[in-house]
Structures are given as structure tokens and as C-alpha cells.
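Participant:
Protein chains: 2
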Amino acid sequence: MELTGEMLIGAQAVRGEDKAFKGRDAATGAELEPSYGGATTADVDRACALAAAAFGPYRATSPEVRARFLELVADKIAALGDALTDRACAETGLPRPRIEGERGRTAGQLKLFAAELREGSWQDVRLDPALPDRKPLPRPDLRLRMIPLGPVAVFGASNFPLAFSVAGGDTASALAAGCPVVVKGHPAHPATSEMVGRAVQAAVAEAGLPEGVFSMLFGIGNRLGEELVADPRIKAVGFTGSRAGGLALAKIAAARPEPIPVYAEMSSVNPVLLMPGALAARGAELGRAFVGSLTMGAGQFCTNPGLLFATPGPGLDAFVAAAGDAMGDAAAGVMLHAGILAAYQKGVERLAETRGIEQLGKGLTADGRAGAVLFGTDADTFGKTPHLAEEVFGAAGLLVRNGDWDALMPILQELEGQLTITIHMTEADEPLVARLLPVLETKAGRILVNGWPTGVEVSHAMVHGGPFPATSDSRTTSVGTLAIRRFLRPVCYQNLPATLLPEAVQDANPLRIWRRVDGVVTPPPPA
Amino acid sequence: MELTGEMLIGAQAVRGEDKAFKGRDAATGAELEPSYGGATTADVDRACALAAAAFGPYRATSPEVRARFLELVADKIAALGDALTDRACAETGLPRPRIEGERGRTAGQLKLFAAELREGSWQDVRLDPALPDRKPLPRPDLRLRMIPLGPVAVFGASNFPLAFSVAGGDTASALAAGCPVVVKGHPAHPATSEMVGRAVQAAVAEAGLPEGVFSMLFGIGNRLGEELVADPRIKAVGFTGSRAGGLALAKIAAARPEPIPVYAEMSSVNPVLLMPGALAARGAELGRAFVGSLTMGAGQFCTNPGLLFATPGPGLDAFVAAAGDAMGDAAAGVMLHAGILAAYQKGVERLAETRGIEQLGKGLTADGRAGAVLFGTDADTFGKTPHLAEEVFGAAGLLVRNGDWDALMPILQELEGQLTITIHMTEADEPLVARLLPVLETKAGRILVNGWPTGVEVSHAMVHGGPFPATSDSRTTSVGTLAIRRFLRPVCYQNLPATLLPEAVQDANPLRIWRRVDGVVTPPPPA
């Protein structure tokens, strides 16, 4: 595929006339061709107008048509082959196995949503049959289904150039729901975005869908994103990125004449609780595994385990010794771009300078790269120093020594909302964990035991979400099939003639989906 | 029950020390005893503290325990007997059959949520079993369920003193979800609120639940509501009332350090489309029925049909003549309180003074009461005069003569979001309605045919919601069992030991609920 540096507005490729920029090789900082022109206000308007025009016909397509479309997108991304992975590795500095895994996940995610579309539970269909003889009043015939909200603005994430970018989880779930998508490609991986964007654009054409189903705009600075979120034709926003960025978009969305939902996945330190039993049984092993999770992808995961609470003792000593050793061998990481590297270094400096903080481990360093680091403190200092609970995006960890888990409870209760909380435990720790769980549940979208939070399964039961400020909306997830619900709303049809009913709510159940009939879960008719 | 004018804070009855007020007989304006003291900041703090303390133990109760509690509340409200209906009639001016129906609906609603708790689909349980041998990576064991958000602030509505007030739909769905509730009783029916509040308080005690599960505060002015929504322990808000009120609360909620969802049901003119076939077949009958719906409860329904579009012709002439006649006989209505009456009169005056508007019908008038009124205009004037699409709360209707339904499409597309859209049609109108439906679906939460929007069924398939500004959050409904979803968020458990798993996600499925296992809808085990 020839890279042109153009944006994709409906079926067209358009050279942006606003400020141009180039991607960079994340490892060397060298500029990469081509140059990408930024979107003007007119480009935003055109993309949103096309999306609005496409909404009606696109949402009228059957789930089967949208499922095939998503599969086509998956196939076309897979067909990009090494050209895509080469470029994504260069633009992000992420290691090849990680990018290859992410490509697989991206295709798998599209196919999972295709399967979900066919399964049909996402339509939440409920039929309450008429009760004409009910006293004192008859009940009308009532039928509920979910319909899509409208065009969705998706902001590509820097740290997942495929799985959370142009055709990532937000785009896949919005397209599945029946919402056209206008993507703001992340400027840190424009060529990766162009390749994937062209694959989606080609799939739209091949599937015979209206061109406005997909557009992709580029731009540096904040104007493009602000205009997108403020555009009255945009009805929801998907975002993965910094807290400042997410909050700024949420503010714009709330101030619109018609406020719209913003699904911003923002920041999380992903606390890890090292229970006494687990430390006694496998302290050293946990220390090594922790460093593996902390330094993966230079720590640039939303679910990176940046904060640990642990019971002092020989087990923790072994953990710290092993973590320190492992970290001493950890190569300095290439970060996604210079801005993230600078923020990381600043965050680490601030931690290092904080009273009551000691350094427990330090990775290798290299010019222009990020060295991993592990700090330590005690629960008292942690409780009194609010900034210690803030995310430092990258491979920086803070271990809090905590002798009394019941005394820690108020500190846990004061923690901000998190994407994940991890517990390392043995059977002996169960009574203690049982006491902590009710608090942990109110703090995170996912609670995991004896694993590491990095590596998010894309499936039905996954929750990649959590209370504010992990996300701007705790009622949802941005990973897994439940993510489709973000872009849907219920509509009830009362006494509509059978000939006018949408397929999902017709008596014959032609989509063959599970439905609740008079409140009772009811299977589809036999094939 | 002796009325004391006290607020209910947990298990206590507390005399409010802020500005006192009395309820009034809506028909006569006479003050009613007792006087109600308003909540101080300390009262808000105490109610929220109790709610926060109750949240943990309350959400840990089984669905069965909460179901029995809701049934107990229903029984205790029923046991209030005529004392409740007498007082509600006096405070609201609503006719007795309406209030009696509403009491039945309120109890039925509580019992429906009890049944829904037992049915269990609301927990949205999903189990993705571990795949330890999957390549390249094993899949962990993942289990998802819904948990409650936390304490909820509920604002009683003036126009539904029972079904949307102290123990109405918002309270019932929040309590069902496992959220403690702090109610702000509407100052227009304080004694009705006290009676119902004491019934709930007694049920909390009898069920052995923590006292903070329910509190009820009173106050005039905005401070109490503002403090409630801003309180960090409140995690969601349910509101039914004016657009100004709902937007003000939403603004406070969005500006909190931790923003929270506000479910405000605000305003709707509930357009009615009179199709040519329907007018030809039964114009006069429709005219009479329309006036019945418009003037019911002095027009003080969220779903009051305030705007009609109709094809000119003999059928419409018959409609207008019959509507005018019926309206001429319509008694002047007692409005809920003097403020609502004044706003109605101002809204009607504004319509009457608008250029291009004619009066088609007028109800009887009486001092201190509201006369129904029907205005008429043409599509062109309507399209050019934005305020004609604004709600005038009460029995005021506006009929828009429209000769060309396809030409009306852009006007319909420009309409604000609505709770309902009604279509009167015959088989002959189906092709035309089929063209309109896709637009109507994007404008309303409920689309109904050959009926009237007043009278909202409480069931599984009901949607009492709709795009902004009908509500602040189109993704939900405030009536029907789906309303419970407003107060829930998903949590995923990864590799949790079986002994620590909540019942909803245990292998044995002890709650005997439907679940999705590896994506497949799976029935509960046989009893």
C-alpha cells in the first residue's frame, strides 16, 4: 500500500490543509515519510455530514450485513501483512511480538463483534403481549429493542496502535451497534492509522455501505478533537488516553446544547495486593513476575501495575530482592513518543524527591529511553501523600509496606477508581481477602487473583472499565462484547401494526434471537 | 398516622431547622397542617453518611431479601388506605380515581421490581470459562456481574405524588439495584411524602436492614437539592421535573470532582401525527379522544400530547370541530400548585400572542384554575417559530396543519428529543408511516399507534425515556424493569477462588438465574 499522508473522508482521500506533521521512528526519533496534513474545520464538517447521512441507511442494515462488514474489515487488516506490523513497530517502538499479538487481537475483536451481532442478545428485546381483557385497564402490545445512538467520534490511543486505534475496540463496537464512526487518528502513528483506515474504507465500499460509515481525520493540537466532540451530528465519543484529555472532551460534551455520552478510559495505577500467604509461598517468584508485567511495552499499558501493597516480612524481602535483581537486568524501554518519555521522567523525579520514598530497584538506562524504577514507602507516608496514588504512565512502581490490612482499609477506600485490582494470595489468605473484597469491588472494574493485570482478554465477561477517574463512565466497558451497549438506547413500540415492526421484535422472530417475552427469557424458534 | 412535619433520617424522625413551609390544598390554596421544617446542611450530611454506611451491608443482601423488602414497602403503602389518597388528592388537586390508580401502580411497581430481582437477568451475568490450553495464551476464568453504584438521590416529582415520588419508580429501581436512597420530598405534597416515607422507614426496620437504606429530606429553594447532588457519597441521581431543574442538577453532577450520572426526565411535547387515513375514518372520534388525553389531570403528564401534525381536509375539519366541542365542555383544571398554574398561563398567553397562531378551542375557565386550550397553525409558521415546539406544561395543545408529509420530514428531524411520538393511522397510511418511522425512532423513546401517550404501562418492554431534552440520558428508561440498569455497573472477576465468588457467578448458580456462558444464553439448573 502506498502511503499518501491523506485523510479519509467517506470514499475520498483528502490532503489535510491544516498544520502538517510526520510520524517518527520511536526508537531513533527520526521523522518518517509521508507528511500528514491536518483537518480543517471544513473537513470535520464534511466527515460529520457524511456520517449523519450514512446513519439512517447503515442502522437499517441487518445484523448479518454488519457482521459480514466487520469480518471484511478484519480480513483486510490481516491482509496488510508485514507492512502494517513493520510500520506500527517503527512508529510506536513496541516490540514485534506485541504488535503481532495486537494485530491478532484487533481482527479477533472485529470477528467477536460479528458473532455478537448474530447472537443478538445485545438488542435486549422484550415483548409484553397485549392483555386486552385486563382490568381495570387493558395492556397494550409493547415491544422494546435497542437502536444505535448515531455517529460516534473515536479517538485513537497512542499505546494500542491497532487494538485501540482506527479499527480498535471503540470503532468495532460502534460499527457493530450501527453507528457510523469518525476517527481522529493518533498523530504518533499516522501511517499505521492510514493503512488500517484504508482497509476500513475499502471494506465499506466492498460491502456496499454508505461512504459516511467511516472517516478518519488527522490533526495535531486540540482543535480537531474539540470540534469533533462539539459537532451536533456526533452522538457519542470513545476515547482512550490521558486524564487531562478525557476530562477536556467530557467537559465539551457536557456543555453542548445536546450533551452526549463520553466513554473516556483515562488513568489507573492498578493496585496489586500481595497477601502474606502469597509472599511467604513465592515472594521471589512474584517479584520477578511483577517486573515482567511492569516493564512490558515500557509500562505503557492502561492496566500497568503501578502500585503494590504488601505485608512486611521475609516473603516481602524476597520479593523486593528478586524484583530489584530483575529490574537491574531490564533494558531501557523505547517510549511511544517524546512527550510520554518526558512526562514519565518528570513523574519519576517527583517520586524520587518525595520525602519518605526510597528506591528499591532501577532498570538499565539509555539516552532517549525510559529506565524502569521501583520505589518503596510505608502505608503511613502513602496515606499522607496524595500524589503517590497518581499514575506515572510507564514502568514505574511504588511498593507500600503495610503491616495491618484492616488499618489499610480506609486508605483503600480513599483510592480513586481503578481499571483493575490484583490480589496475590493463597488459601490461607482467603479470610483476609474476603474482608477486603467488598471494598475492592467498589474501586475497580476488574478484580483478578494470582495473575497480572496487563493482558486484557477480549471476551463476553471482560470489563475494561471502572469508577471515575479510571473511566468517565463506570457503567460500561471498552473491551469485550458488553462494549456495544455504550452506543445503544432503548425504543418501545406500542401497538405498532405487525407490518411496520422491525425484525428484532416481530412475532416470528426472524433474527432467531433470545428475547424476554412477558418477562420470561425465551429461546429463538428452532432452525 | 399522625403527621408531624418531620423529615426521616435513617431510623429517626427529625424536625428540620431550615425554612419551614406548609402544603396547600391545591383546589383552594388553603394551607394544610402540619408545617414542615427544611433540611440543614448538617441534615444532608447525616442522611448521606447513613446512606454510605448502609451501602455495603445493603448491597450484600440477596436479591430475595431485597425483593421481600420491596414487597413490604408495597404492603405498607397499601395499608395507608384512604388517609393517603385523601391527603394526596388534597395536596395535588388530582382526581381521586387518578390517585387511586397511581397508588395501585406504585405498589405494583414495587412488586414488579421484586419479581425482577428474583428473575435475575438484571445481573447480566456472563461466565467465560478458563481455557488453560489455548495457544498462544491461555484464557483466564472470567465472570461478570452487575453491582450497584452506591447511594442515590431521588427527587420526588410534583405531578406523580406516589408513582414518581418518595417510593416511586426511581426509588424502587434504585433500592432493587442495591442502592440506598436519599429522597428530596417534593414540597407541593409534603404530607403525602411523609406518609409514604414513614411506610418505607418502617419497612426498613421490619426487614432488619441498615437504617441508612432510606432517608427523606424536605426543603424549599434549591440549596437542599444542590447539596445532595454535590455530596461525594451520592453516586447517581433520579429526577422528574422541569428542564431548568434537571439541567441545573446535571450541571452540578458534571462539575463534581467525581462526576455522576443524572437521570433527569425533563420535558416533552409528545407529538401526535394524524395520518390522512385515520382522519378520514374517524376524525371526530379522534378529536374527542385527544381532548380527553390532553385534559387528563389538567394536562400535567410528562406524556401529555401537546403538539399535533395533521393533514388538512374534511377529516381534520371533523377532528377540529369535535375537539373544539369537547374542549368547550372541559372543566377548568386544578393545577398542582400556584407556580405551575402561573407558568401555564404565561405559556398560553405567549402562544396566543404569536403571529400565525389561531385559537381552535377553549375549555371552561374559573378563578385559580387552568382552562384547556387548543391552538392551530400551519407547518410553515411552525418551522419558522422555534418556541412553538416548547413544552407548555398543562392542557395546551397546538395543531399544525401539514399538507405534505415528506416536506414535513425536515421539521420532524429538527424536533427536540421526546418521550413519545403517537401515530394515528389506518392500513392505508402504512406506506407513509413506514417512511416516517426511521426519523421518529431517532426522536423518541416510545412510538405508539392508535392510542394516546398518557398512561404509561409499568412492564418489561416499556421505555419512558428518550433523546435529550426529554431526558438527560437517552440510554435508559425511568419506567419499567429496565430502569434498574441505571444504577448498576459491571465488575469482572478473573481467576477468583470459588470460595470467594459472589453467588450470582458461582458455578452451581445458586440464584438459579439465566446467564451467558461462553457467550451462550444458558438456563438455570432445574429446581
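These protein sequences, in sequence, are chains A and B. Count the first sequence with our numbering and you get residues 1351 to 1877, in order. Count the second sequence with our numbering and you get residues 1351 to 1877, in order. Beta carbons: idealized from backbone N, C-alpha and C, even for Gly. Here the structure is a predicted model, which is why all the values come from computation and not from measurement.
At a Cβ threshold of 8 Å, is residue 1623/B touching chain A?
Facilitator: It does not: the Cβ of residue 1623/B has no partner Cβ on chain A nearer than 8 Å.
Participant: With distance defined between alpha-carbon atoms, name the residue in 1825/B, 1403/B, 1471/B and 1517/B nearest to residue 1454/B.
Facilitator: Ranking the options by Cα distance to residue 1454/B, first place goes to 1517/B.
Participant: Residue 1469/A versus chain B: which residues are under 7 Å apart at the beta carbon?
Facilitator: What residue 1469/A touches in chain B: 1869.
Participant: Cα separation between residue 1375/B and residue 1438/B?
Facilitator: So the alpha carbons of these two residues sit roughly 10 Å apart.
Participant: Against residue 1864/A, what residues of chain B qualify as contacts under a CB-to-CB distance less than 8 Å, listed in chain order?
Facilitator: Simply 1871.
Participant: Within 8 Å of any Cβ in chain B, is that where the Cβ of residue 1556/A sits?
Facilitator: Not one chain B Cβ lies under 8 Å of residue 1556/A.
Participant: Please identify the residue among 1750/A, 1563/A, 1500/A and 1721/A whose C-alpha is closest to the C-alpha of residue 1708/A.
Facilitator: It is 1750/A whose Cα lies nearest to the Cα of residue 1708/A.
Participant: Note down the Cα distance separating residue 1618/B from residue 1818/B, rounded to an integer number of angstroms.
Facilitator: Each residue's alpha carbon lies about 9 Å from the other.
Participant: Residues of the stretch 1841–1862 of chain B with a CB closer than 8 Å to any CB of chain A: list them in chain order, please.
Facilitator: If the cut-off is 8 Å between Cβ atoms, the stretch 1841–1862 of chain B has 1841, 1842, 1843, 1844, 1845, 1846, 1847, 1849 and 1850 near chain A.
Participant: List the DSSP bridge partners of residue 1763/B.
Facilitator: Partner(s): none; residue 1763/B has no beta bridge.
Participant: Are the C-beta atoms of residue 1478/B and some chain A residue less than 8 Å apart?
Facilitator: Yes, its Cβ sits closer than 8 Å to a Cβ of chain A.
Participant: Apart from the five residues just before and just after residue 1806/A, which ones in its own chain have a Cβ nearer than 7 Å to its Cβ?
Facilitator: Excluding residues within five positions, the ones whose Cβ falls inside 7 Å are 1653, 1812, 1814 and 1829.
Participant: Note down, one range per segment and in chain order, each beta strand (DSSP E) of at least 3 residues found wholly within the stretch 1780–1828 of chain B.
Facilitator: Here the runs fully enclosed are 1794–1799.
Participant: By DSSP's criteria, residue 1727/A is part of a beta bridge. Which residues make up the other side?
Facilitator: DSSP lists 1750/A as partners of residue 1727/A.
Participant: According to DSSP, simplified to helix, strand and coil, what is residue 1352/A?
Facilitator: Of the three classes helix, strand and coil, the one that applies to residue 1352/A here is coil, per DSSP.
Participant: For the stretch 1807–1832 of chain A, which residues have a beta carbon sitting closer than 9 Å to at least one beta carbon of chain B?
Facilitator: So the list reads 1807, 1809, 1810, 1811, 1812, 1813, 1814, 1815, 1816, 1817, 1818, 1819, 1822, 1823, 1824, 1825, 1826, 1827, 1830, 1831 and 1832, given in the order they occur along the chain.
Participant: State the start and end residues of the unbroken beta strand (DSSP E) segment that holds residue 1872/A.
Facilitator: 1870–1872 is the extent of the beta strand (DSSP E) around residue 1872/A.
Participant: Looking at C-beta atoms only, is the number of pairs between the stretch 1428–1448 of chain B and the stretch 1485–1492 of chain B that lie closer than 8 Å three or more?
Facilitator: Contact between the stretch 1428–1448 of chain B and the stretch 1485–1492 of chain B is absent, because fewer than three Cβ pairs lie under 8 Å.
Participant: Starting from the C-beta of residue 1855/B, find all residues in its chain whose C-beta is less than 7 Å away, skip the five residues before and the five after it, and write them out in chain order.
Facilitator: Contacts found: 1475, 1477, 1493, 1495 and 1843.
Participant: How far does the alpha helix (DSSP H) with residue 1642/B in it reach, from first residue to last?
Facilitator: Element bounds for residue 1642/B: 1626–1645.
Participant: Just reading off the beta strand (DSSP E) that residue 1586/B is part of, what are its end residues?
Facilitator: Unbroken beta strand (DSSP E) run through residue 1586/B: 1586–1590.
Participant: Over the uninterrupted beta strand (DSSP E) stretch that includes residue 1384/B, give me the two end residues.
Facilitator: Residue 1384/B -> beta strand (DSSP E) spans 1381–1388.
Participant: How is residue 1855/B classed by DSSP in three states: helix, strand or coil?
Facilitator: Looking at residue 1855/B - three-state DSSP - the assignment turns out to be helix.
Participant: Pairing CB atoms from the stretch 1383–1390 of chain B with CB atoms from the stretch 1354–1373 of chain B, are three or more of them under 8 Å?
Facilitator: Flag = yes, the stretch 1383–1390 of chain B and the stretch 1354–1373 of chain B touch.
Participant: I'd like to know whether the C-beta atoms of residue 1771/B and residue 1790/B end up nearer to each other than 8 Å.
Facilitator: A contact, by the Cβ cut-off of 8 Å.
Participant: Roughly how many angstroms separate the alpha carbons of residue 1377/B and residue 1446/B, rounded to a whole number?
Facilitator: For residue 1377/B and residue 1446/B, the distance between alpha carbons rounds to 13 Å.
Participant: Mind reading off the beta-carbon distance from residue 1746/A to residue 1633/A? Whole number of angstroms is fine, and I expect it under 8 Å.
Facilitator: Not a contact, Cβ separation roughly 21 Å.
Participant: Say whether chain A places a C-beta atom closer than 8 Å to the C-beta of residue 1797/B.
Facilitator: It does; some Cβ of chain A falls within 8 Å.
Participant: Return helix, strand or coil for residue 1709/B, following the three-state DSSP convention.
Facilitator: Three-state DSSP puts residue 1709/B in a strand.
Participant: Taking residue 1460/A as the reference, give the member of 1606/A, 1520/A and 1612/A with the closest Cα.
Facilitator: When only C-alpha atoms are compared, the closest one is 1520/A.
Participant: Under 8 Å, Cβ to Cβ, is there at least one residue of chain A near residue 1771/B?
Facilitator: Not one chain A Cβ lies under 8 Å of residue 1771/B.
Participant: Helix, strand or coil for residue 1309/B per DSSP?
Facilitator: No answer is possible for residue 1309/B: it lies beyond the span of chain B, which begins at 1351 and ends at 1877.
Participant: What is the residue span of the alpha helix (DSSP H) that residue 1602/A lies within?
Facilitator: Residue 1602/A -> alpha helix (DSSP H) spans 1593–1605.
Participant: For residue 1677/B, does the three-state DSSP call read helix, strand or coil?
Facilitator: Residue 1677/B falls in the helix class under three-state DSSP.
Participant: Which partner residues does residue 1938/A have in the DSSP bridge list?
Facilitator: Since the first residue shown for chain A is 1351 and the last is 1877, residue 1938/A is missing from the structure and cannot be characterised.
Participant: What residues from chain E crowd round residue 1604/A, counting only those whose CB sits closer than 7 Å?
Facilitator: Although the question refers to chain E, the structure presented lacks it and instead comprises the protein chains A and B.
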